[in-house]
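Counted from 1, the sequence shown has number 60 at position 60 by my numbering; the numbering is strictly sequential.
First comes the structure, then the notes that go with it.
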Amino acid sequence: LAPPSRRVTMGGGPRINYPKYVWSPAGGWYNDAPKNWRRNTLIVAGFIAVSTALVFRFSINNERRTLGNRPIPSQRWCKHTVIDDPNYEERYAKYHAEKKPILERILPD
């Protein structure tokens with residue numbers, strides 16, 4: 001064991017003085033998180049979820065596609081698919097019937 005005079009100074013010592021105006025995304029020198037950080041996180045997550053849903057809904061209502069050589073996944077939930085491509089269901093079924101397996105499409109010959 002260390003002598004009693006040394007036992008008091010072990011453990012890193014007191015906190016050092018640091019400038020209060022320094023900001024860091026990791027929380028600065030001593031990350032003293034606010035007590036309501038869980039509530040704040042849920043509020044922000046809810047805001048992000050609602051914003052994403054609104055953007056998705058806007059996209060569904062306003063997306064228009066020209067005829068391409070293969071079906072696009074967003075056409076399955078798009079509002080104007082039947083108007084833009086009346087034969088979409090047939091083209092979709094034909095594309096998936098003729099589609100090669102994934103490894104044949106990505107590996108070289």
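Ideal Cβ placement from N, Cα and C applies to all residues, glycine included.
Because the structure is a prediction, the values reported are computed rather than measured.
Buried/exposed call for residue i, threshold 16 Cβ in 10 Å
| i | result |
| --- | --- |
| T52 | exposed |
| D109 | exposed |
C-alpha distance - residue i paired with residue j, whole-angstrom precision
| i | j | result |
| --- | --- | --- |
| D85 | F47 | 35 Å |
| L42 | V55 | 20 Å |
| Y99 | Y92 | Reading off the sequence shown, one finds Lys at residue 99, where the question assumed Tyr. About 10 Å. |
| K35 | V50 | 25 Å |
| R65 | A33 | 48 Å |
| R105 | R38 | 45 Å |
| E89 | V44 | 39 Å |
| A97 | L103 | 16 Å |
| N17 | L107 | 59 Å |
| I83 | P101 | 31 Å |
Candidates the options: closest to residue i by CA position
| i | options | result |
| --- | --- | --- |
| K94 | K35, E104, Q75 and P71 | P71 |
| N87 | N36, G68 and L103 | G68 |
Neighbourhood of residue i by C-beta distance below 7 Å, restricted to the same chain and skipping five residues each side
| i | result |
| --- | --- |
| S74 | E63 |
Would the region 73 to 81 count as touching the region 47 to 61 if we require 3 or more Cβ pairs under 8 Å? yes
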